[in-house]
Amino acid sequence: MNMDMMPQTSILLWILASATMISAANNLRNETDRLALIEFKNHILDDPQGVLNSWNDSIHHCKWQGITCNARHQRVMAITLRGKSLFGSISPHIGNLSFLQFIELGENRFYDEIPQELGHLFRLRTLNLTENQLSGEIPVNLSQCLELKLLNLNRNKLEGKIPVEMSNLKNLAQLFLALNNLSGGIPPSFGNLSSLDAISLAYNELEGTLPVEIGLLTKLTFLNVGKNKLSGRIPSSVYNISSISTLGVNTNFFYGKIPTNLGLMLPNLEGCHMSGNQFSGNVPVSLVNASKLEVIDFSRNNLQGQVPNDLGNLPNLQWLNLGYNRLGSNSTGDLSFISALTNCSSLQTIGLNSNKFGGELPNQVVNLSFQLTQLAIGGNEIFGKIPLGLGSFINLYLLGFELNYFSGIIPSDFGKLQKLQGLYLSGNRLYGEIPSSFCNITSLTWLDLGDNRFEGKIPSCLGEFQQLTKLFVWGNNFSGILSPQIFASYFSPTDIILSYNALTGPLPLEIGKLTDVNTFSAAYNKFSGEIPSTFGDCKSLEHLELQENFFNGKIPLKLASLRSIQYLDLSLNNLTGNVPWELQNISSLKYLNLSFNDLEGEIPINGVFGNSSQIILDGNVKLCGGIPELNLPSCPFPGNKKGKSLIVILLSTLLPMILILITLTYFYLSYQKRHKRNVSFEDPFRVNKILRISYRDLHLATMGFSPENLIGSGSFGTVYKGKLDGHGGKLVAIKVLDLKNTGASKSFMAECRALRKIRHRNLVSILTYVSSVDFRNQEFKALVYEFMENGSLDMWLHSVTDRKLNFYAKLKIAIDVASALDYLHNNYDEEVIVHCDLKPSNILLDSEFTAHVGDFGLARLLPKHARNSLEQGTSSTIAIKGTIGYAAPEYGMGGDPSTHGDVYSYGILLLEMFTGKRPTDDAFVNGLDLHNYVKMNLPRKVLSIIDSSLAPGEQNEDCVTIEREEIIETFGGNENFENWVISMLMVGLKCSATSPKDRMNMNDVIRELHQINDSIFGDQ
1 MNMDMMPQTS
11 ILLWILASAT
21 MISAANNLRN
31 ETDRLALIEF
41 KNHILDDPQG
51 VLNSWNDSIH
61 HCKWQGITCN
71 ARHQRVMAIT
81 LRGKSLFGSI
91 SPHIGNLSFL
101 QFIELGENRF
111 YDEIPQELGH
121 LFRLRTLNLT
131 ENQLSGEIPV
141 NLSQCLELKL
151 LNLNRNKLEG
161 KIPVEMSNLK
171 NLAQLFLALN
181 NLSGGIPPSF
191 GNLSSLDAIS
201 LAYNELEGTL
211 PVEIGLLTKL
221 TFLNVGKNKL
231 SGRIPSSVYN
241 ISSISTLGVN
251 TNFFYGKIPT
261 NLGLMLPNLE
271 GCHMSGNQFS
281 GNVPVSLVNA
291 SKLEVIDFSR
301 NNLQGQVPND
311 LGNLPNLQWL
321 NLGYNRLGSN
331 STGDLSFISA
341 LTNCSSLQTI
351 GLNSNKFGGE
361 LPNQVVNLSF
371 QLTQLAIGGN
381 EIFGKIPLGL
391 GSFINLYLLG
401 FELNYFSGII
411 PSDFGKLQKL
421 QGLYLSGNRL
431 YGEIPSSFCN
441 ITSLTWLDLG
451 DNRFEGKIPS
461 CLGEFQQLTK
471 LFVWGNNFSG
481 ILSPQIFASY
491 FSPTDIILSY
501 NALTGPLPLE
511 IGKLTDVNTF
521 SAAYNKFSGE
531 IPSTFGDCKS
541 LEHLELQENF
551 FNGKIPLKLA
561 SLRSIQYLDL
571 SLNNLTGNVP
581 WELQNISSLK
591 YLNLSFNDLE
601 GEIPINGVFG
611 NSSQIILDGN
621 VKLCGGIPEL
631 NLPSCPFPGN
641 KKGKSLIVIL
651 LSTLLPMILI
661 LITLTYFYLS
671 YQKRHKRNVS
681 FEDPFRVNKI
691 LRISYRDLHL
701 ATMGFSPENL
711 IGSGSFGTVY
721 KGKLDGHGGK
731 LVAIKVLDLK
741 NTGASKSFMA
751 ECRALRKIRH
761 RNLVSILTYV
771 SSVDFRNQEF
781 KALVYEFMEN
791 GSLDMWLHSV
801 TDRKLNFYAK
811 LKIAIDVASA
821 LDYLHNNYDE
831 EVIVHCDLKP
841 SNILLDSEFT
851 AHVGDFGLAR
861 LLPKHARNSL
871 EQGTSSTIAI
881 KGTIGYAAPE
891 YGMGGDPSTH
901 GDVYSYGILL
911 LEMFTGKRPT
921 DDAFVNGLDL
931 HNYVKMNLPR
941 KVLSIIDSSL
951 APGEQNEDCV
961 TIEREEIIET
971 FGGNENFENW
981 VISMLMVGLK
991 CSATSPKDRM
1001 NMNDVIRELH
1011 QINDSIFGDQ
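Going by UniProt numbering, 716 is the number at position 716 of the sequence shown; the sequence numbering is gapless.
Here's what the structure looks like:
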């Protein structure tokens, strides 16, 4: 229509009509927004701050709290309800707010999935849902929000893979998906997001490598992929992003060397987080070029070498953590860089713990920044005194000097550290009393003074430390009584370890105020009196250790009220009376040690008492009853008055007869003694009085289980040489069980059972055992043996040394080992003992080269009628581990343990001794083994296969001669030498026959070996 031709009134009517139509359309769209918001509100189940109270019909929805509309169309463009504690789900109707550009719903309690309908919001620029409880996967439809610049889904419960389609968001500048449960890999297509300047994927379950395409993000300033399962090398392209200010790749499985030019490639670096990986190499000197650096965290890697002094030229450095590496060289000068760090005036944290730093701590350490809050140098080899002046660090809240060689006293100015929360001084050589100024550090939450040489009383002022949760003073020389003031009503720690000191007197009754204590150990002290019944008020107590003290009286009945107790050790005291039956009702109790007391009466059979592996009752000779596995005598009479009266009547009747019998026996034995000559014997089952040795004794004997005293290691533990100062300086071998190995405890029990009664000159003599806890309150088990000066047979057979065992030395050792096996198999009256792991490393040689068979960790005790599995005709479901090459072939097919198996191992041992070849030698391939190797070369080629040290003409002064030196000197030239060697090898072949029925008996073995010996030396 031509507007010029229309009447003026018509034009006005047309304009009014158009305006009405536009207004109606806008009202319709506004109503759509209002309804969408109403649905959003309907999905909110809790609004504790009442922020949605304004969402009603009394005011326009554009004025509702948290809602912003555009001025032109009055359409909703922003929902800003961050941090309002809203609880509910996000309504799918939010997708109808077509003008929405900003969604700020972070820091609430939204749950359920993120609606797919958000993909309809093509104008959306910001989506911030951080710190909620949203679950499910990231909606793929978000890839349709092409205007999106910020996506923050941090701190939710999202799972699944990161959608590859997100690479369509070309305008995305910031992507935050940290602290979820996302899995899979990082999409390489992220390299297409050219606008990205920040990406955080930390704290997820992401796997695979860091895509090389990340290096295409040239605007990137923030990259954090820490706390995932990523692996491989960091792509060099990432190091080329010179704009990066924060690099976080910590706690993954990355490896490779940290580039030496890192600081040159990333000059804008402010935070470098690379801890918890497998990076190697040195700390880059080039870091000084990144002059903006504030955080350097290279901890928990494999870095080595020295720390550059140049780090002191970083003016903004606040955090330096190099802990848990291999930095330093255990020598003086390792810590010289500390002097340079005094230039870093903003330094707050220094972590150097668990490295190889040696030498003294420079006195310049006291000149570090007064802003210092953490100083951790534990786990090194630093010696000398702790410098005076550390008290000037008034902001310090963590000070860790543990596991070094510091000596001297605690500096008195430590009392100035009134903000200190954690003080770790354990494992040093500090001595003296705790200074009185120490009582000023009332902010302490963790105090560890263990394993030093402190003395005097434990300060009673510790009871005023209201925030103290961990108190460790074990392994010192603290003495005197324990003040009741320590256990004040406001003193509420969770762990108290007082063990291995010289504390005396009774434990205060006030100990019952420790309502939050989880672990209490006062073991290995000199406490006396009765065990406080108030322990029963410690409702959170899980571990109670009072062993090796002088406690007397009865076990308090109130201990049965400890419903959380798991570990209870009252052993090695003077406790009397009955074992409370109420203890069997504690369902949480998993370990109970009451051994070596004077307890009496019947043992319960339920609860912890129903499992022999969870209870120890040794050394209480008056106990009876219990489950059969405890091997206690049955209780002859019930514990009631009627039974007691019956006992009295019987004793009064039988006592005269008993006295008469004793008198007659005395005269008979006297007669026998006068009429028998040279009658003497040693009871092979006599048990020597067991040595009472504690963990602390072993710790001191081995200088803290120093590597210098390490003798060897095996499947179930390590062996140390030790000197027991408290037992005349006796040299011992200490086998420490590795309790992380699931078979170690079974090995411990097997060895104890096997060695508890047997006595033979060719068996290793066990002196005692220790079943306790170490200084860190971890379970500890060890066996203590007589020390064998000449080590193991394996060492003499295969170590690189000029000294070798000659023929006679090996013959003598062979006879010794055979005698030990013959005793175990045939002369031990009660049971047959099968060793199950005979090999050279388990044969030890004393100062006279007498052989002793040891390591009964896999031994089996069989009844006499079950001497070998052939007689049983069955197979075992329990695998015999043994050792490859020495274990009998039938064991590999499930055969039962038997004496035949030991004979096979002995045969292989003989062949190894005289050929010098292990059964696992690399030469044995394609079906060839040691047995067949010897067999195919006998008798004609015998001299070509024997150990070279045995060959005629080689018996020189370097060979170890045991005795009969005049014969040994000409031994190699004897014309019968070849026949003697053949005879020895033939015994080995007969013993190592494939079929058990074809093997020799140890009786026959000993007879043949003695015949060989007699043919050499006659009747000498």
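Glycine residues also receive a C-beta, built at the ideal position from the N, C-alpha and C atoms.
- Looking at the backbone, the Cα of SER571 and that of LEU562 are separated by about 18 Å.
- In terms of Cα proximity to GLY625, the closest of ASP413, ILE605, ILE1012, ASP47 is ILE605.
- Within the DSSP bridge table, the entry for CYS272 names LEU247, ILE296 as partners.
- Check the Cα spacing between GLY184 and each of SER167, ASN156, ASN574, PRO163: the tightest is with PRO163.
- In this structure, THR519 sits near THR494, with a CB-CB distance shorter than 9 Å.
- When the Cα atoms are used, ALA809 and PHE849 turn out to be separated by approximately 8 Å.
- In the structure shown, the three-state DSSP call for VAL51 is coil.
- Distance from the Cα of VAL773 is smallest, within the candidate group HIS543, VAL288, ASN585, LEU335, for HIS543.
- About 7 Å separates the CB atoms of GLY358 and ILE382; that is less than 8 Å, so the two are in contact.
- If you check the CB distance, PHE472 and LEU444 do not come in under 9 Å.
- Across the set ASN171, ILE946, LEU909, the C-alpha of LEU909 shows the shortest separation from the C-alpha of ALA993.
- Sequence-distant partners of GLY333 (beyond 5 residues in either direction) whose C-beta falls short of 7 Å from its own C-beta, in its chain, are GLY359.
- Secondary structure at SER564: coil, using DSSP grouped into helix, strand and coil.
- Three or more Cβ pairs drawn from the segment 215-225 and the segment 186-203 lie within less than 8 Å of each other, which places the two stretches in contact.
- Residue state for GLU890 is assigned as helix, using DSSP reduced to three classes.
- A straight line joining the alpha-carbon of ASN573 with that of ASP738 spans about 27 Å.
- With respect to ASN180, ARG155 sits close: the two C-beta atoms are nearer than 9 Å.
- Around the Cβ of TYR891, a 10 Å sphere holds 16 or more other Cβ atoms; the residue is buried.
- With a 10 Å radius around the Cβ and a threshold of 16 neighbouring Cβ atoms, LEU928 comes out exposed.
- Counting along the chain, SER771 sits inside the beta strand (DSSP E) bounded by residues 766-773.
- With fewer than 16 other CB atoms across the displayed protein chains lying within 10 angstroms of its CB, ALA71 is exposed.
- The straight-line gap separating the alpha-carbon atoms of LEU105 and ILE186 is approximately 26 Å.
- Apart from sequence neighbours up to five positions away, the residues of its chain that approach VAL238 with a beta-carbon distance below 6 Å are ILE214, GLY215, ordered along the chain.
- For LEU1009, the enclosing alpha helix (DSSP H) has its first and last residue at 1002-1017.
- DSSP places THR469 outside both helix and strand once states are collapsed to three, so it counts as coil.
- DSSP, read as helix, strand or coil, puts TYR424 in strand.
- Here the alpha carbons of ALA523 and TYR591 stand approximately 16 Å from one another.
- Under a 10 Å Cβ-count criterion, HIS1010 is classified as exposed, with fewer than 16 other Cβ atoms of the shown protein chains found around its own Cβ.
- Nearest in C-alpha terms to PHE122, of all of GLN133, ARG109, GLU147, is GLU147.
- Put simply, of LYS170, LEU206, SER588, LEU129 the residue whose alpha carbon is nearest the alpha carbon of GLU159 is LEU206.
- A direct Cα-Cα distance of roughly 39 Å separates ARG300 from SER460.
- For THR899, the enclosing alpha helix (DSSP H) begins and ends at 899-915.
- Contact between the segment 774-793 and the segment 728-738 is present: three or more C-beta pairs spanning the two stretches fall below 8 Å.
- Rounded to the nearest whole angstrom, the CA to CA distance from ASP822 to VAL764 is 15 Å.
- Around the Cβ of ALA888, a 10 Å sphere holds 16 or more other Cβ atoms; the residue is buried.
- For the 9 Å CB-CB criterion, LEU724 and ILE693 form a contact.
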